[in-house]
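Just so we're aligned, residue 1 is where the sequence shown starts under UniProt numbering, counting upward by one.
Written below as structure tokens is the structure these notes are about.
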Amino acid sequence: MAWQEVLLRLGVAALIGFAIGLDRELHHKSAGVRTIALVSLGAAMAVMVLPARDGAADSRVLQGLVTGIGFLGGGVILRHEDHVKGLTTAAAVWIAAVLGAGAGLAAWPVLTIGAVLTLGLLVLARIAEKWVAHRKETRLTEGQ
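Structure, rendered in structure tokens:
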């Protein structure tokens with residue numbers, strides 16, 4: 001593989017991880033730009049270092065990657081009494097790894113659509129959560 005192709009794939013993986021991490025960082029979450037960009041970059045490198053395209057080997061690398069990232073994501077989930085925090089960040093870490101692997105494999109259509117949907121969901125879900133919280137607050141004050 002030419003160095004330009006390596007640079008493109010790794011650069012795209014790092015940029016996607018950076019964008020997802022920036023969303024988490026801006027909202028003061030436990031995993032931010034550095035963590036999520038490194039996860040995405042590492043996933044891209046993991047699938048790119050395979051010596052030859054072998055379906056069985058690719059499958060094992062992806063399985064190990066997804067499982068390993070699951071453990072990393074589990075580290076950002078916190079439970080306090082009946083409240084759980086960090087689930088969205090854990091999901092963001094996991095999906096950043098999958099998107100990074102997509103960049104490493106040059107799966108451009110899946111990668112592009114997945115990245116747009118991921119970033120869109122992070123933004124739209126936050127708007128929806130604020131709207132729901134506002135409605136709950138309004139109902140509580142009206143009921144008093």
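Glycine residues also receive a C-beta, built at the ideal position from the N, C-alpha and C atoms.
Of the residues the options, the one placed nearest residue i, counting alpha carbons only
| i | options | result |
| --- | --- | --- |
| Trp94 | Trp108, Gln63, Gly55 | Gln63 |
| Ser119 | Lys130, Leu87, Ala103, Ile16 | Checking the sequence shown, residue 119 turns out to be Leu, not Ser. When only C-alpha atoms are compared, the closest one is Ile16. |
| Val47 | Val116, Asp23, Ala107, Phe18 | Ala107 |
| Leu26 | Arg139, Val123, Leu140, Ala91 | Val123 |
DSSP state of residue i mapped onto helix, strand, coil
| i | result |
| --- | --- |
| Val76 | coil |
| His134 | helix |
| Ser30 | coil |
| Leu50 | coil |
| Leu8 | helix |
Cβ distance (whole Å) where residue i is taken to contact residue j below 8 Å
| i | j | result |
| --- | --- | --- |
| Leu13 | Leu41 | Note that residue 13 corresponds to Ala in the displayed sequence, not to Leu. So it is a contact: roughly 5 Å between Cβ atoms. |
| Gly104 | Arg9 | 5 Å |
| Ile69 | Val39 | 6 Å |
Sequence-distant residues of the same chain with beta carbon closer than 8 Å to residue i, five excluded per side
| i | result |
| --- | --- |
| Ala57 | Leu50 |
6 Å Cβ shell around residue i - same chain, five flanking residues per side excluded
| i | result |
| --- | --- |
| Gly21 | Gly32, Val33, Ile36, Ala37 |
| Val116 | none |
Spatial neighbours of residue i in its chain, beta-carbon cut-off 7 Å, leaving aside the 5 residues before and after
| i | result |
| --- | --- |
| residue 145 | A query on residue 145 cannot be resolved here, the shown segment of the chain reaching from 1 to 144 and no further. |
| Phe18 | Val33, Ala37 |
| Gly86 | Ser30, Val76, Ile77, Leu78 |
Strand pairing of residue i, partner residues [DSSP]
| i | result |
| --- | --- |
| His83 | His80 |
beta-carbon residue i near the ligand NAD non-hydrogen atom, thresh 7 Å
| i | result |
| --- | --- |
| Phe18 | Looking at this structure, you won't find the ligand NAD or any other ligand, since it has none at all. |
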